[in-house]
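J.: Numbering (the working numbering), first residue to last: 2 to 184.
By construction, the Cβ of each residue, glycine as well, lies at the ideal position given by its N, Cα and C atoms.
Handing you a structure now.
This is how it looks when you write it as structure tokens:
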């Protein structure tokens with residue numbers, strides 16, 4: 002018998018001062034049985050970093066060739082393709098060809114560093130690509146916020162993210178790996 006996804010609910014109050022975007026979001030996040038709390042919370046973080054009324058979660062880990070999150074315009078064209086983790090070069094190129102903007106949030110410490118060293122030159126020609134990296138300390142700290150029902154507040158200013166609940170919070174600054182020189 003196949004295991005079913007665990008449903009998590011999050012009420013997210015967002016104040017993104019960098020983009021002048023403010024909003025309250027009621028999110029339903031399906032956590033695949035093989036997905037960790039860490040990865041699920043990183044998906045929630047990347048939602049906050051790119052929030053819009055049309056941004057939504059993809060169908061999950063078991064669905065190949067689909068973004069972890071995507072933002073579509075009124076015509077159904079993919080405006081923003083967002084992946085979490087360490088996608089291969091082919092997946093990145095395919096995403097860049099299918100959407101106007103691609104965002105990747107990598108995590109995993111040393112494995113993420115090695116992945117970026119191996120792939121950076123191969124994807125450097127992609128003009129619509131943005132790659133961020135989250136430190137192992139930050140990604141582990143996010144895990145402490147994971148609950149089946151979450152009420153979270155998030156403030157983003159000057160690239161610094163404060164994400165928290167009533168009883169704890171995490172402060173982090175995702176590093177911009179690409180394009181170089183961007184904050």
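For residue 39, I'd like the list of residues in its chain whose CB is within less than 6 angstroms of its CB, leaving aside the five on either flank, ordered along the chain.
T.: Position 38 of the chain shown, counted from the start, is the residue given in the question as residue 39. The residues are 140 and 144.
J.: Check residue 81 in the structure and name its three-state DSSP category.
T.: The residue labelled residue 81 in the question sits at position 80 within the chain shown. Residue 81 falls in the strand class under three-state DSSP.
J.: So residue 154 is in the beta strand (DSSP E); what residue range does that whole segment cover?
T.: For the purposes of this step, residue 154 is identified with residue 153 of the chain shown, where counting begins at 1. 150 to 158 is the span of the beta strand (DSSP E), which, as asked, contains residue 154.
J.: Alpha carbon to alpha carbon, how far is residue 161 from residue 175? Give it in angstroms, no decimals.
T.: For the purposes of this step, residue 175 is taken as the residue at position 174 of the chain shown. For the purposes of this step, residue 161 is taken as the residue at position 160 of the chain shown. Cα to Cα, the separation comes out at about 8 angstroms.
J.: At which residues does the beta strand (DSSP E) containing residue 10 begin and terminate?
T.: As a position in the chain shown, residue 10 is number 9, starting the count at 1. Taken as a continuous stretch (DSSP letters only), the beta strand (DSSP E) holding residue 10 covers 7 to 17.
J.: Taking DSSP's pairing of strands, which residues face residue 100 in a bridge?
T.: Counted from its first residue, the chain shown places residue 100 at position 99. Beta-bridge pairing links residue 100 to 79.
J.: Kindly confirm or deny that the stretch 75 to 87 and the stretch 96 to 105 touch, where touching means at least three C-beta pairs closer than 8 angstroms.
T.: yes
J.: I'd like the list of long-range same chain contacts for residue 17, defined as Cβ closer than 6 angstroms, with 5 residues on each side in sequence excluded.
T.: What you label residue 17 is simply residue 16 of the chain shown in a count that begins at 1. 157, listed in sequence order.
J.: What whole-angstrom Cβ distance do residue 29 and residue 8 have, given they're in contact under 8 angstroms?
T.: Working through the chain shown from its first residue, we reach residue 29 at position 28. Working through the chain shown from its first residue, we reach residue 8 at position 7. Contact between residue 29 and residue 8 holds: CB atoms are separated by about 6 angstroms, below the 8 angstroms threshold.
J.: Would you call residue 48 buried or exposed, if buried means 16 or more other Cβ atoms sit within 10 Å of its Cβ?
T.: Residue numbering aside, residue 48 sits at position 47 when the chain shown is read from its first letter. Buried: at least 16 other Cβ atoms inside 10 Å.
J.: Which ranges would you report for the alpha helix (DSSP H) in the stretch 32 to 64 if only whole runs of at least 4 residues count?
T.: 38 to 51
J.: For residue 90, name the three-state secondary structure that DSSP assigns.
T.: In the chain shown, counting from the first residue as 1, residue 90 sits at position 89. Helix.
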